[in-house]
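Asks: Each residue of the sequence shown is one higher than the one before, counting from 1055 in my numbering.
Just dropping this structure here.
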Amino acid sequence: MGVKAIVEDILPCTGMVITEIVTIFLTIMASTAMSRLRMSSFVFVVYTNALSSIILLPYSYLYHRRDKIQAPLFTFPILIRVFLLGLVGVTIAQNLAFAGLSYSSPIVACGAANMIPAFTFILAIFLRKTRINLKSQESLARIIGTIISIMGGMAMTYYKGPVVKQYSPLFLQLARPHLLVFTSTHENWVLGCYLFAAASFTLCIWNIIQAGTIRKYPQMMKIVFLYTLFGTIQSAIFALWMEKDLNAWRLKLNMELLVIVLTAIFSSLVRTSVQMWCTRLKGPSYPLYFKPVGIPTASTCGCLLFADTFHYGSMFSAIVCGMGYYTTLWGQLKEDETSKNIKGSTLPTTTSDEKVPLLQEKEEEEEGDSKV
């Protein structure tokens, strides 16, 4: 195998898989800090995005320093859009997601994240950005995938199933680590699932805003920096209202500080860089294929390391969500491909050419997302 094949095929795949695996381990660390150290999820969002803003300030300008066209950034339409991106994508979505994590576990985070294409399809129907054609394989795939995803999400919410430790062979179980917590110690499973679902639906709205913003101002890393900064300020105001105890804002040299620093560095530099590199090399849809990788990662960790708190029903429900994700994704990509072929032909086109590629917007969100 040549060097070119390694760079174009193996490295992007490896990079995306490692990125999703690291995301899960950081989520487990955050769950541990919230459960064992009683770290406030609202304070965590503020500190993580504040550090990300500091990192992104020089990085965003260095990243775009060679761009030939330097469009004006501080204009009223752009600033309004960036303000909304920070409000919807950071202040609302991240606070909902981490609050959900404080009541449930990382396996719920995986399942809810894989429901985003289904929510996107539903939102696209209500906004009349796509039409349902029951004679089309693409539309049927999206409908079936949406139904599967919703069924998986409902099952994950209301059926946890038996505990893994009671039914799995001893050789599949490892000693439970004393430093990490997988399932929240102050669990409210149903509430956690609903909070994660609300966060995923909020991100669908955020995708649409971000896609329009990038079309108006294509220097994406500068947009990421600005909406992270705005989101930090908004989240700080919200957290001060939610957390009136000043002790919740004090950081110590323990796992709480470590997970904040690692999450900020990983989300602002590592994950964003890997996803943008893979996008340039393999196309805008490539990073989307790897989102369900978090499910087997979280399931393996749950079975081997946290067998006494991990449930089979949660794992299988998350897998169902992953199946719905791929089904919906296939339908969307085939539909986008068909639209491009029609647009490139000499035949008259219909409203299908005006459809916003919402899953492409999801990919743009993945590039600039400040992680869950």
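A virtual CB, placed ideally from N, CA and C, is assigned to each residue, including glycine.
(1) Identify, in the order they occur along the chain, each residue of the same chain with its Cβ nearer than 7 Å to the Cβ of Phe1121, setting aside the five sequence neighbours on each side.
(2) Contact defined as beta carbons within less than 8 Å: I believe Gly1140 pairs with Thr1381. What is the distance between those atoms, to the nearest angstrom?
(3) Should Ala1318 and Thr1086 be called a contact, given that it needs their Cβ atoms to be closer than 7 Å?
(4) Specify whether the region 1345 to 1359 and the region 1174 to 1188 touch according to this definition: at least 3 beta carbon pairs, one from each stretch, less than 8 Å apart.
(5) Sort Val1328, Met1377 and Ser1368 by Cα distance to Tyr1034 and report the nearest one.
(6) Kindly confirm or deny that the region 1183 to 1202 and the region 1317 to 1336 touch, where touching means at least three C-beta pairs closer than 8 Å.
(7) Whose C-alpha, out of Gly1215, Ile1078 and Phe1098, is nearest the C-alpha of Arg1304?
(8) Give me the Cβ distance between Glu1074 and Ser1158, rounded to the nearest whole Å; I'm assuming they're in contact under 8 Å.
(9) What residues in its chain sit with their C-beta under 8 Å from that of Ile1204, if we drop five residues either side in the sequence?
(10) Going by the CB atoms, is the gap between Leu1342 and Leu1383 shorter than 7 Å?
(11) For the structure I just gave you, are there three or more beta carbon pairs, one from the region 1181 to 1191 and one from the region 1354 to 1370, closer than 8 Å?
(12) Using a Cβ distance threshold of 8 Å, determine whether the region 1148 to 1168 contacts the region 1248 to 1261, with at least three qualifying pairs required.
(13) Are the CB atoms of Thr1145 and Gly1246 within a distance shorter than 7 Å?
(14) By Cβ distance below 8 Å, which residues in the same chain neighbour Thr1354 in space, the five residues on each side in sequence not counted?
(15) Tell me which residues share the same chain as Leu1111 and place their Cβ nearer than 7 Å to its Cβ, disregarding the 5 neighbours each side in the sequence.
(16) For Glu1408, which residues in the same chain have their Cβ closer than 6 Å to its Cβ, ignoring the five residues on either side in sequence?
(17) Measure how close the beta-carbons of Thr1267 and Ile1277 come, nearest whole angstrom, since I'm counting them as under 8 Å.
(18) Is it buried or exposed, Val1235, if we count other Cβ atoms within 10 angstroms and call 16 or more buried?
(19) Tell me the DSSP secondary structure of Val1218 in three-state form.
(20) Roughly how many whole angstroms lie between the Cα atoms of Ser1339 and Ser1327?
(21) List the whole-angstrom C-beta distance separating Gly1165 from Cys1357, where the pair is believed to meet the contact cut-off of C-beta under 8 Å.
(22) Since Val1142 and Thr1256 should fall inside the 8 Å C-beta cutoff, what is the C-beta to C-beta distance between them, to a whole number of angstroms?
(23) One question on the structure: do Tyr1271 and Ile1134 come within less than 7 Å of each other, judged by their Cβ atoms?
(24) Going by DSSP, what residue range makes up the alpha helix (DSSP H) through Ala1293?
(25) Would you mind reading off the limits of the alpha helix (DSSP H) that contains Glu1074?
(26) Could you tell me how far apart the beta carbons of Thr1282 and Ser1106 are, in whole angstroms, since I believe they sit closer than 8 Å?
(27) By the 10 Å Cβ neighbour count, where 16 or more other Cβ atoms means buried, how is Lys1435 classified, buried or exposed?
(28) Can you give me the start and stop residues for the alpha helix (DSSP H) that Leu1233 sits inside?
Replies: The answer reads as follows:
(1) Going by the sequence as given, residue 1121 is Asp instead of Phe. Gln1273, listed in sequence order.
(2) In fact, because the Cβ distance is near 33 Å, the residues do not count as touching under 8 Å.
(3) Cβ distance not < 7 Å, so Ala1318 and Thr1086 don't count as in contact.
(4) Flag = no, the region 1345 to 1359 and the region 1174 to 1188 do not touch.
(5) Because the chain spans 1055 through 1426 in this model, residue 1034 falls outside it and cannot be assessed.
(6) With the cut-off at 8 Å, the region 1183 to 1202 and the region 1317 to 1336 do not touch.
(7) Out of Gly1215, Ile1078 and Phe1098, the CA that lies nearest to the CA of Arg1304 is found in Phe1098.
(8) Not confirmed; about 19 Å, so no contact.
(9) Excluding five sequence positions before and after Ile1204, the CB atoms of its chain that fall closer than 8 Å to its own CB belong to Met1169, Ala1172 and Gly1378, given in chain order.
(10) Cβ atoms of Leu1383 and Leu1342: closer than 7 Å.
(11) Remark: fewer than three beta-carbon pairs, one from each stretch, lie closer than 8 Å, so the region 1181 to 1191 and the region 1354 to 1370 are not flagged as touching.
(12) Judged by Cβ distances under 8 Å, the region 1148 to 1168 makes contact with the region 1248 to 1261, as three or more pairs qualify.
(13) Cβ distance not < 7 Å, so Gly1246 and Thr1145 don't count as in contact.
(14) Same-chain partners within the cutoff: there are none.
(15) Once the five neighbours on either side are set aside, the close Cβ partners of Leu1111 are Phe1279.
(16) Reliability of the predicted coordinates at Glu1408 is poor, the pLDDT of 36 falling under 50, and no value is obtained from them.
(17) Yes, Thr1267 and Ile1277 are in contact; Cβ-Cβ is about 6 Å, under 8 Å.
(18) By the 10 Å Cβ count, Val1235 comes out buried.
(19) If DSSP states are grouped into helix, strand and coil, Val1218 belongs with the helices.
(20) Between Ser1339 and Ser1327, the C-alpha separation is close to 16 Å.
(21) The pair is not a contact, with the Cβ atoms about 16 Å apart (cut-off 8 Å).
(22) About 6 Å separates the two Cβ atoms, so the contact holds.
(23) When the beta-carbon positions are compared, Tyr1271 and Ile1134 stay at least 7 Å from each other.
(24) Where Ala1293 is concerned, the enclosing alpha helix (DSSP H) stretches over Met1274 to Met1296.
(25) For Glu1074, the enclosing alpha helix (DSSP H) has its first and last residue at Leu1065 to Arg1090.
(26) Confirmed, about 5 Å.
(27) Absent from the structure is residue 1435, since the part of the chain shown begins at 1055 and ends at 1426.
(28) DSSP places Leu1233 outside any alpha helix (DSSP H), giving it a letter other than H or E.
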